[in-house]
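If you're matching positions, the sequence shown starts at 0 in numbering that gives the first Met the number 0 and goes up one per residue. Glycine included, C-beta positions come from ideal geometry on N, C-alpha and C.
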Amino acid sequence: MGQQPEVDARGFTLLELIVTLLVVAIAVGLVAPTIGRSTEALRVRAEVAGFSATFRHAREQAITTRQPYAVMINPTNHLLTVTTGEDEVRWTRALSNTIAISTEAPGTLTVRFEPQGTSSGGQFHLTSGKISYRVSVDAVTGRVRSQRE
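(1) Do you know how far the Cα of V81 is from the Cα of I72?
(2) Rounded to whole angstroms, what's the CA-CA distance from L94 to L13? Just pull it up for me.
(3) Taking 8 Å as the cut-off, decide whether the C-beta atoms of G121 and G141 are in contact.
(4) Helix, strand or coil for T63, going by three-state DSSP, please let me know.
(5) Which partner residues does H124 have in the DSSP bridge list?
(6) Taking the straight line between their C-alpha atoms, what separation do you get for K129 and T53?
(7) Going straight from the alpha carbon of S127 to that of G84, what length do you get?
(8) Have a look at Q66, R111, H77 and S101 and flag the residue whose alpha-carbon is nearest the alpha-carbon of V134.
(9) For R147, which of L79, V18, E59 and V47 has the nearest alpha-carbon?
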């Protein structure tokens, strides 16, 4: 008669819940800054890919249409302008204002692609904060390469 029924206690104590929330908060605090940096790197990489694709497309058009194409870079306005041999503007591409463009040889902000696939060549540096890429256009083959520095 004096026996009490067993209580089936399931659940977590308040202390266990507080410790768990503290561990989760610390983990989020450590991971959040890394996510911010990686999204910046992805954004810059996408910008470089678009920059390189403009050169590749101009080269393909020069070969296909059998007329010279030129890609002119305006670093002040952050614009790429693609023209034909007759200086007819085919298309323009706007670049992000956060990207700085420089070249190794001053004054070579135009790359010309010939119908045979060759080009005038050039090397460009695209920088955003601490992230920097080099885009190279081979003069003999017209091949475009990008590499993180």
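Looking at the coordinates:
(1) 9 Å
(2) 53 Å
(3) no
(4) helix
(5) S101 and R133
(6) 24 Å
(7) 33 Å
(8) S101
(9) V47
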